[in-house]
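I have placed the structure first, in the form of structure tokens, so that the comments after it can refer back to it.
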Amino acid sequence: RPIPMGNPTSALGTGVDPEYPGRDADNFWLNVWDDDVARRSGGSLTAATSDGSTTNELFDPLGYLYAIRVPPAGGNYEVQVRMTCASDGVGRLELSLYPPENTVSPNFLRDNVEVPLVPEVSLPKSNFTRPGTAVCPSNYADFDNRLNAGLAPDPAPWETVYNIGAQPGDWVLQAQHGGGGNRTLYSLRVIDASQAGDAQHCTTFSNPDCPAIRPVNTLGAYTDPILFAPNSTVPVELYLTEVPLANARSKLEIYMFDAADGIQSVRILMPPRTDPPPNTPADRKYARFSWNTVGESGFTASPVYNLTCPVGPTNVSCVKSPSGNPQNDLNNRQVKIVVDLASIDYDGDGTIDPYTCQTDCWWKVEYEYDTNSNLNEETTGWYTQIVGDPIRLTG
-15 RPIPMGNPTS ALGTGVDPEY PGRDADNFWL NVWDDDVARR SGGSLTAATS
35 DGSTTNELFD PLGYLYAIRV PPAGGNYEVQ VRMTCASDGV GRLELSLYPP
85 ENTVSPNFLR DNVEVPLVPE VSLPKSNFTR PGTAVCPSNY ADFDNRLNAG
135 LAPDPAPWET VYNIGAQPGD WVLQAQHGGG GNRTLYSLRV IDASQAGDAQ
185 HCTTFSNPDC PAIRPVNTLG AYTDPILFAP NSTVPVELYL TEVPLANARS
235 KLEIYMFDAA DGIQSVRILM PPRTDPPPNT PADRKYARFS WNTVGESGFT
285 ASPVYNLTCP VGPTNVSCVK SPSGNPQNDL NNRQVKIVVD LASIDYDGDG
335 TIDPYTCQTD CWWKVEYEYD TNSNLNEETT GWYTQIVGDP IRLTG
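Using the working numbering, the first residue of the sequence shown is number -15, and each one after it goes up by one.
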């Protein structure tokens, strides 16, 4: 069964927007690139080619898919989008919404898009265009210019894409590039319009029925050096995926595109074992894992690496460039990380501990960079899956 990606809230890809209580900033925007842009420069999911000539084996013609689970408890839910002025040219975003389908297919979320059970199942496609002006309009988020000047980001206008009311089930939102410019950067959220103020937003920590936006195929993220607080020694933590206790005897596989291209190192944080308030460190520990670059046409798969980090905490697993040159080792490459949930050593004492989490079962990615190196823009795509998911036989 799929495990949730993204974060435990009703918003995704909001950059450094502090609007949502009880959570960390995303530190990235969602992105969709024109398929004419090579994968090495653009998105791992939407580029038609890897390097301008080699076919991109990560390409998905459906674009980015998101699941929005509307609870049966009722409400008046609206899907909203916000675009940023970090987009290239006259960026355009095409969004399509597919209502829940009653199907027993194990891949039912994609089935809603690929093989609709009812003709014309999608709602009318919505196009959003950012004005192609040299100066960002005052009602759009000029993140680049304002953050570089040490100012808070302008509040970009949230526009309602669809009003889905209270119909429960898994809605699927499809995001594709609509032409104009190479990249379109955006944020998504779901609000309960029947509520007011902060009550329109939610987290799954305090509300298990929170209609969080979850990536279905790939979490496509774009981050800028300004979102990583350049020259800071504090690593950036990004929510990755939720792994319930039911998967404690399985393996967690994490796939990351351009995992450390321009970044000093990448580590994986496990959920806290106790039950603290959201966003407190508690006893959240680093996961031990093995990793390798995944072979595909035109590339040779690298051997499995189990490297320690060059800076920060020592004796923990770390994704980094084996040769010290990430442009050669990791650029335009897919990295596969494997965590054995049945062999976790929380304390590093050589003793296997049972995988444990309480209300917060979310894993995180920790990016760290060397202040002596230049951090570039980062376009990445992540997805996760459980291998060896146990089944229960009943008579």
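Quick reminder that beta carbons are idealized off the backbone N, C-alpha and C, glycines included.
Out of curiosity, what's the CA-to-CA distance linking residue i and residue j?
i: Q369; j: Y239; result: 9 Å
i: I401; j: C186; result: The requested residue 401 does not occur in the structure, where the chain is confined to residues -15 to 379.
i: S237; j: L229; result: Note that residue 237 is Glu in the sequence shown, not Ser. C-alpha separation (whole angstroms): 16 Å.
i: E350; j: N276; result: 18 Å
i: Q184; j: S178; result: 8 Å
i: D176; j: G332; result: 44 Å
i: F189; j: P(-8); result: 7 Å
i: P310; j: V319; result: 12 Å
i: C341; j: D267; result: 10 Å
i: W390; j: T264; result: Absent from the structure is residue 390, since the part of the chain shown begins at -15 and ends at 379.
i: G59; j: A150; result: 5 Å
i: L42; j: D19; result: 12 Å
i: T144; j: Q248; result: 39 Å
i: E221; j: A205; result: 14 Å
i: A(-5); j: P141; result: 14 Å
i: P385; j: D344; result: As displayed, the chain neither begins before -15 nor continues past 379, which places residue 385 out of reach and without an answer.
i: N312; j: P306; result: 10 Å
i: V323; j: A51; result: 25 Å
i: V105; j: I336; result: Confidence at V105 is low in this model, with a pLDDT of 39, below 50, so its placement is unreliable and the value that follows should be read with caution. Whole-angstrom Cα-Cα distance: 49 Å.
i: E280; j: D35; result: 13 Å
i: V21; j: D1; result: 28 Å
i: T382; j: G162; result: Coverage of the chain is limited to positions -15 through 379, which leaves residue 382 absent and any answer about it impossible.
i: P260; j: P55; result: 25 Å
i: T30; j: R66; result: 20 Å
i: D182; j: R53; result: 20 Å
Any idea which residues DSSP pairs residue i with across the strands?
i: Q318; result: F241
i: M67; result: Y170
i: A51; result: V156 and R198
i: Y82; result: V156
i: H185; result: Paired residue(s): none; H185 is not in a bridge.
i: A(-5); result: R173
i: D259; result: Per DSSP, none; premise fails for D259.
i: Q369; result: E237
i: R268; result: DSSP lists no partner for R268.
i: M(-11); result: T225
i: N205; result: A quick correction: the sequence has Ala, not Asn, at residue 205. A205 is bridged to L14 and T364.
i: R345; result: The residue asked about is misnamed: residue 345 is Cys in this sequence, not Arg. BP columns for C345 are empty, so no partner.
i: S274; result: V322
i: S34; result: Answer is none; S34 lacks a bridge partner.
i: V220; result: Y351
According to DSSP, is residue i part of a helix, a strand, or is it coil?
i: S28; result: coil
i: D176; result: strand
i: S249; result: strand
i: D313; result: helix
i: S307; result: coil
i: A150; result: coil
i: N60; result: coil
i: S327; result: helix
i: N40; result: coil
i: P100; result: Caution is warranted here: a pLDDT of 48 is assigned to P100, below 50, making its placement in the model unreliable, and the coordinate value is therefore given only provisionally. Residue state, collapsed to three classes: coil.
i: N231; result: helix
i: Y339; result: coil
i: A22; result: coil
i: N15; result: strand
i: E352; result: strand
i: L77; result: strand
i: V0; result: coil
i: V467; result: Outside the modelled stretch of the chain, which goes from -15 to 379, sits residue 467, for which no answer is possible.
i: S301; result: strand
Taking Cβ positions, are residue i and residue j nearer each other than 7 Å?
i: G27; j: W13; result: no
i: Y339; j: A271; result: no
i: N40; j: R23; result: yes
i: V303; j: V250; result: yes
i: E361; j: D208; result: yes
i: T225; j: L77; result: no
i: A243; j: L314; result: yes
i: D44; j: N191; result: no
i: A159; j: L79; result: yes
i: K235; j: V371; result: yes
i: A57; j: D193; result: yes
i: D10; j: G(-3); result: yes
I believe residue i touches residue j by the beta-carbon criterion, under 8 Å. Please report the beta-carbon distance rounded to the nearest angstrom.
i: T363; j: N147; result: So it is not a contact: roughly 32 Å between Cβ atoms.
i: D154; j: P219; result: No, D154 and P219 are not in contact; Cβ-Cβ is about 34 Å, not under 8 Å.
i: Y48; j: P199; result: 7 Å
i: Y171; j: G(-1); result: What sits at residue 171 in the sequence shown is Ser, not Tyr. Sure, about 7 Å apart at Cβ, within 8 Å.
i: I321; j: I252; result: 7 Å
i: Y367; j: L157; result: Contact flag wrong, Cβ pair sits at about 17 Å.
i: V278; j: I(-13); result: No, V278 and I(-13) are not in contact; Cβ-Cβ is about 20 Å, not under 8 Å.
i: V174; j: Y61; result: 6 Å
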